[in-house]
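Participant: So this note's numbering is basically just the index in the sequence shown, starting at one, shifted up by 142.
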Amino acid sequence: MTRRFYVRATAIVASLFGASFAAVAAFDPTPRLIWNASASAPIGLYRIEPMADLPHGTLVAVTPPAPLARWLAQRGYLGERVPLLKHVAARSGQHVCRIGAVVSVDARPVVFARESDRFGRPLPVWQGCRTLRSGELLMLNPDRPDSMDGRYFGPLPTSTVLGRAIPILTRDTPDAPLTWR
Numbered sequence: 143m144t145r146r147f148y149v150r151a152t153a154i155v156a157s158l159f160g161a162s163f164a165a166v167a168a169f170d171p172t173p174r175l176i177w178n179a180s181a182s183a184p185i186g187l188y189r190i191e192p193m194a195d196l197p198h199g200t201l202v203a204v205t206p207p208a209p210l211a212r213w214l215a216q217r218g219y220l221g222e223r224v225p226l227l228k229h230v231a232a233r234s235g236q237h238v239c240r241i242g243a244v245v246s247v248d249a250r251p252v253v254f255a256r257e258s259d260r261f262g263r264p265l266p267v268w269q270g271c272r273t274l275r276s277g278e279l280l281m282l283n284p285d286r287p288d289s290m291d292g293r294y295f296g297p298l299p300t301s302t303v304l305g306r307a308i309p310i311l312t313r314d315t316p317d318a319p320l321t322w323r
């Protein structure tokens, strides 16, 4: 093999790498695998499957809107570009309320909100009742009382949903071993 061959091969490979990085930057692909490090859903690896229809109870990956993402990062709850994992608790047409600490869907209490986080810092409060419009979802983790979810930030646009989160390798408690699902 000649020096000229190596130079040409290097230029071709470098061009292909450059083109692939440019394509990724230009199209901003949706993540297909995410690692959840938050205890509000089982810790571990999830596959993200895009879905048009999001039935009640579906575990979804959500990219919070920029102001919420900044607030979550400033509080140290989550990195600014890290998706949340939440369950769909209410869809368009359903009636959602937060009255005091009680969050309800269609007049049924679903979760209770706390006044402060584990560090004693006050948590956001939304109050009142409304019917979700087309393109809105209320997302909660009802089995996790400490979950930072819709009980504090209310409904979010469906455009924030990356897709259904399917567990691949998770642990049920922080001390449990990782288990293939």
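Beta carbons: idealized from backbone N, C-alpha and C, even for Gly.
#1: Which of helix, strand or coil does DSSP assign to Pro192?
#2: On the three-pair Cβ rule with 8 Å, is the segment 213-230 touching the segment 183-199?
#3: Taking the straight line between their C-alpha atoms, what separation do you get for Glu257 and Arg174?
#4: Starting from Trp268, trace the alpha helix (DSSP H) in both directions and tell me its first and last residue.
#5: Rounded to whole angstroms, what's the CA-CA distance from Leu265 to Tyr294? Just pull it up for me.
#6: Apart from the five residues just before and just after Val244, which ones in its own chain have a Cβ nearer than 7 Å to its Cβ?
#7: By alpha-carbon positions, which one of Ala318, Ala307, Pro207, Cys239 ends up nearest to Trp177?
#8: Once the 5 residues before and after Tyr219 are set aside, which same chain residues still bring their CB inside 7 Å of it?
#9: When you compare each of Arg150, Thr152, Val204, Val149 to Pro302 by their alpha carbons, which one comes out closest?
Facilitator: Straight from the coordinates:
#1: coil
#2: yes
#3: 35 Å
#4: From DSSP, Trp268 is part of no alpha helix (DSSP H); its letter is neither H nor E.
#5: 7 Å
#6: Pro251, Phe254
#7: Ala307
#8: Met290
#9: With the sequence shown as reference, residue 302 is identified as Thr, and Pro is not the correct amino acid for it. Cα-wise, what sits closest to Thr302 is Val204.
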